[in-house]
Amino acid sequence: MAQTRYDQRVRVFVEVRGGVHDWQEAEARFDRHGWPVRDAYPAGEGPLGAALERDPDSRVYEIEVRLFGTAKGSDRGAADRVRKMLRGARLEGYVRRAELLDRDRELFPHWRIVGATRRQPGRRGRLTRIAVRLGRHDVGGFVSGGPRQALRIARAASSPDAAASGLAVRPLDGRWREPAPYKREDQLQRRVLRLVLWALLSAGAVTLATAAPAVTWWFWTPVALLGAVGAVRTGLELSGEHRRAEGVVLALLCVLIFVAFGTGLLDRDGTAWTPRRTLMTAVVVAVIAGLWLLVRQWTWGEWVAWAVPVLVTLAVSAFVAAGSVLHALYAEGLSLAPDDLDVPPVWQALAAVKLLVMLSLVMIVPAWWGFAKHRHHWYATPGDGTNVILNVCLFLAMLAGAGVQAMGSAETAVDRTVAAAARGDEPPAYFGVAPEWTCVRPVVPADDLPGEGPRLRPAAPYLSFGVSGETAVLWDPATREPVKLPANQVWLRPAASGKVSCATGRH
1463 MAQTRYDQRV
1473 RVFVEVRGGV
1483 HDWQEAEARF
1493 DRHGWPVRDA
1503 YPAGEGPLGA
1513 ALERDPDSRV
1523 YEIEVRLFGT
1533 AKGSDRGAAD
1543 RVRKMLRGAR
1553 LEGYVRRAEL
1563 LDRDRELFPH
1573 WRIVGATRRQ
1583 PGRRGRLTRI
1593 AVRLGRHDVG
1603 GFVSGGPRQA
1613 LRIARAASSP
1623 DAAASGLAVR
1633 PLDGRWREPA
1643 PYKREDQLQR
1653 RVLRLVLWAL
1663 LSAGAVTLAT
1673 AAPAVTWWFW
1683 TPVALLGAVG
1693 AVRTGLELSG
1703 EHRRAEGVVL
1713 ALLCVLIFVA
1723 FGTGLLDRDG
1733 TAWTPRRTLM
1743 TAVVVAVIAG
1753 LWLLVRQWTW
1763 GEWVAWAVPV
1773 LVTLAVSAFV
1783 AAGSVLHALY
1793 AEGLSLAPDD
1803 LDVPPVWQAL
1813 AAVKLLVMLS
1823 LVMIVPAWWG
1833 FAKHRHHWYA
1843 TPGDGTNVIL
1853 NVCLFLAMLA
1863 GAGVQAMGSA
1873 ETAVDRTVAA
1883 AARGDEPPAY
1893 FGVAPEWTCV
1903 RPVVPADDLP
1913 GEGPRLRPAA
1923 PYLSFGVSGE
1933 TAVLWDPATR
1943 EPVKLPANQV
1953 WLRPAASGKV
1963 SCATGRH
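Convert by adding 1462 to the 1-based position in the sequence shown; the result is the number in this note's numbering.
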């Protein structure tokens, strides 16, 4: 199936040896990959001429390889794709030449066709010009081109009577003030993106420097200056030769706005971004961008190899998140069962989001792969098939990494809870699980009180995790074991802290 979406077009001259049968196979492979054959010549003829020796069993194909990615390096990327295709088809072929077909489009000024109006002096003339700008004299029609060219196009496409009466055009944008040749569309987008990235680099370095010790400024200061210089240089390229001052002002304004956001000058509370927040934001944005660059290049085979494991992973995560992986690990650390924690659905959803955030951090590997493919790195060039085993291993590694982070998060929460219980302080909450100090008094004789765990000590406060079903779930800080008692056979009363005596109510 022909590839309908692509970023670059590269003209490639491929020499295929082996005779008619191999030539037909090569043509079929070209068509299967969506690479149109522009022409074919016997070896020693055509554009390459006598650079190749004449060989009756050799033919040179001029094909057009369409691929995603940046323009820089696309010629090498196209050559690698063709080479891998020939190797997969077991054909003797050689990429002799590859060159990018640069077909960037000029951003011509846009105009609206209007009926010609007679020049009138004074106030009435000004009102007429205002009416023209507001579209009161539009006769319908849109043209693009330079000022004089647009006028000729408007009159050439009209009827003879309309041309005789005269037509005019009014601008729809400000590009008509620029001298020809006009800016190129793709080139303009690339320069705007580079300007933003350079400005973000400078602002990020300034933000990190303000929160870092002074001894590290020797590193952040050159980084900030590098970003500012890069932004100014890109602004000069963006504005053109006749409006360089505007480009410099735009670049510096962009840098200052980002710096103001990072340092908290534009924040309502005046709070600056912390280094952790700055770095995490940069990582998350880079991961999202890399994954997008990866996904937009997928073929059907790669969708099967990558998307199916992703969907399975998300389905399993959604199923397991109903019981909350983080809550289950937290309960396990306190020797409790997951059912002992009565967690509201909202907190279960937040815990699932936390788990997905942990998973996103280990998505750096496929994100890096997306950037590598976009920039045509040789090791990321797609071949004739998809390395399913490599993809599955990457996803298993991602899941393992997320599992390690989840276990670390739950273990940290358990350690804080145990430490607070040992001191008698209020323990921290963990995604909706908020243990509280509670005094427990049985309403039946102690010998007749059923339950699980160590023997109840009514004088000592316990950590209460609430009532699950008909069971009061408690935790003994002395033995570090759970105590589960029938809720209808005990009386629970909040305690001020773990340092009080439930018998007297005093410390």
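All C-beta atoms in this analysis are idealised placements derived from N, C-alpha and C, irrespective of residue type, glycine included. For clarity, every value in this text was computed on a predicted model and none was experimentally measured.
Cβ neighbours of residue i in the same chain (closer than 6 Å, five flanking residues each side left out)
| i | result |
| --- | --- |
| glycine 1653 | As written in the sequence, residue 1653 is arginine, which differs from the glycine given in the question. Here the set comprises Thr1696, Glu1699 and Leu1700. |
| tryptophan 1953 | Arg1903 and Val1905 |
| tryptophan 1638 | Pro1571 and Pro1609 |
| glycine 1577 | His1599 and Val1601 |
| alanine 1690 | Ser1664 and Val1717 |
| valine 1612 | Note on residue identity: the sequence assigns alanine, not valine, to residue 1612. Within the same chain, alanine 1612 has close Cβ partners Trp1573, Val1605 and Val1631. |
| threonine 1879 | Pro1889 |
Simplified DSSP state of residue i, which is helix, strand or coil
| i | result |
| --- | --- |
| tryptophan 1573 | strand |
| glutamine 1470 | strand |
| alanine 1533 | coil |
| valine 1544 | helix |
| alanine 1875 | helix |
| glycine 1480 | coil |
| lysine 1816 | helix |
| phenylalanine 1893 | coil |
| alanine 1630 | strand |
| arginine 1521 | strand |
| aspartate 1731 | coil |
| arginine 1656 | helix |
| glutamate 1914 | strand |
| valine 1757 | helix |
| arginine 1646 | strand |
| glycine 1795 | helix |
| glutamate 1487 | helix |
| alanine 1965 | coil |
| threonine 1672 | helix |
| histidine 1789 | helix |
| proline 1806 | coil |
Beta-carbon contacts of residue i that lie in its chain and below 7 Å, excluding the five residues immediately before and after
| i | result |
| --- | --- |
| arginine 1491 | Met1547 and Ala1551 |
| proline 1923 | Trp1899, Thr1900, Cys1901, Ala1957, Gly1960, Val1962 and Cys1964 |
| threonine 1733 | Gly1726 |
| glutamate 1943 | Ser1797, Gly1915 and Pro1916 |
| glutamate 1477 | Ala1505, Leu1514, Ser1520, Val1522, Gly1555, Tyr1556 and Arg1558 |
| alanine 1949 | Val1929, Glu1932, Thr1933 and Ala1934 |
| alanine 1693 | Leu1657, Trp1660, Ala1661, Ser1664, Ala1713, Cys1716 and Val1717 |
| leucine 1791 | Ala1868, Met1869 and Ala1872 |
| threonine 1466 | none |
| valine 1876 | Tyr1792, Gly1795 and Leu1796 |
| tryptophan 1485 | Val1478 and Arg1521 |
| phenylalanine 1833 | Gly1752 and Leu1755 |
| glycine 1709 | Gly1697, Leu1698, Leu1700 and Ser1701 |
| threonine 1672 | Thr1725 and Ala1734 |
| phenylalanine 1720 | Ala1661, Leu1662 and Ala1665 |
Residues sharing a beta bridge with residue i, DSSP
| i | result |
| --- | --- |
| serine 1930 | Thr1933 |
| phenylalanine 1604 | Arg1574 |
| valine 1527 | Val1472 |
| tyrosine 1924 | Thr1900 |
| arginine 1639 | Partner(s): none; arginine 1639 has no beta bridge. |
| valine 1952 | Pro1904 |
| glutamate 1568 | Arg1646 |
| aspartate 1938 | Glu1943 |
Of the listed residues the options, nearest to residue i (C-alpha basis)
| i | options | result |
| --- | --- | --- |
| threonine 1941 | Leu1861, Val1952, Arg1917 and Gly1931 | Arg1917 |
| isoleucine 1750 | Gly1628, Leu1796, Leu1925 and Trp1831 | Trp1831 |
| proline 1509 | Asp1566, Val1474 and Leu1553 | Val1474 |
| serine 1664 | Arg1878, Pro1737, Leu1858 and Leu1688 | Leu1688 |
| histidine 1839 | Ala1541, Ala1799 and Glu1568 | Ala1541 |
| alanine 1722 | Ile1525, Leu1670 and Gln1649 | Leu1670 |
| proline 1633 | Phe1604, Asp1909 and Arg1738 | Phe1604 |
| glutamate 1647 | Gly1511, Ala1707, Arg1565 and Thr1683 | Arg1565 |
| leucine 1812 | Ala1883, Gly1894 and Gly1886 | Gly1894 |
| glutamine 1651 | Ile1575, Pro1641, Glu1568 and Ala1642 | Glu1568 |
| proline 1641 | Gly1607, Gly1863 and Asp1910 | Gly1607 |
| alanine 1921 | Pro1800, Glu1487 and Ala1908 | Ala1908 |
| leucine 1788 | Leu1728, Gln1810 and Arg1758 | Gln1810 |
Span of the alpha helix (DSSP H), counted from its first residue to its last, around residue i
| i | result |
| --- | --- |
| leucine 1562 | Premise fails: leucine 1562 lies in the beta strand (DSSP E), 1554-1562, not in any alpha helix (DSSP H). |
| threonine 1725 | 1706-1725 |
| valine 1694 | 1679-1701 |
| alanine 1513 | Note, alanine 1513: premise wrong, no alpha helix (DSSP H); not H, not E. |
Opening and closing residue of the beta strand (DSSP E) in which residue i lies
| i | result |
| --- | --- |
| serine 1959 | Looking at the DSSP string, serine 1959 is not in any beta strand (DSSP E), and its letter there is neither H nor E. |
| tyrosine 1503 | 1499-1505 |
| arginine 1614 | It is not in any beta strand (DSSP E) - arginine 1614 instead sits in the alpha helix (DSSP H) that spans 1609-1618. |
| cysteine 1901 | 1898-1904 |
| lysine 1835 | Not the beta strand (DSSP E): lysine 1835 falls in the alpha helix (DSSP H), residues 1826-1836. |
| glutamate 1943 | 1943-1948 |
Residue i: CB within 7 Å of a non-hydrogen atom of the ligand NAD
| i | result |
| --- | --- |
| glycine 1913 | Absent from the structure shown: the ligand NAD. Ligands present: none. |
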